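In the working numbering, the protein residues as written are -15 to 100. One structure is given below, encoded as structure tokens.
Right, here's the structure in full:
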């Protein structure tokens, strides 16, 4: 049990010692990554390591200076009154997109029979 604690403490100490020593550079004899297709120039290592603004947007800490009422919301409607929702006609639960055989066509719509 004591040996495990010593090994764990030694491992944490060694891991903490391998921090940032020097700037990152490509390995000896290896070039930087190729230039992206739409880029004007090959990015430098620092540019490649910089987080873009869309990945980490800046924070807005603007406090309210004074209390102001909210503007009128045209979609903030009261609930409808008058009981429960209307029931569906018989047979429409299984096939909501099928038209009833006795239904009349809408005005201005051409009337055709199936198969013609």
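C-beta: ideal position from N, C-alpha, C; glycine also. As the structure is a prediction and not an experimental result, all values here were calculated from the model.
Could you round the C-beta distance between residue i and residue j to whole angstroms and report it? I think they count as a contact, below 8 Å.
{"i": "residue 36", "j": "residue 8", "result": "So it is not a contact: roughly 18 Å between Cβ atoms."}
Let's see if you can read the secondary structure: which residues bound the alpha helix (DSSP H) around residue i?
{"i": "residue -7", "result": "-14 to 0"}
Contact between the region 52 to 64 and the region 31 to 42: three or more CB pairs below 8 Å? no
Below 8 Å, can you find three or more Cβ-Cβ pairs linking the region 11 to 26 to the region -9 to -1? no
Would you mind listing the alpha helix (DSSP H) stretches within the region -3 to 57 that are 4+ residues and don't spill past its ends, in chain order? 29 to 33
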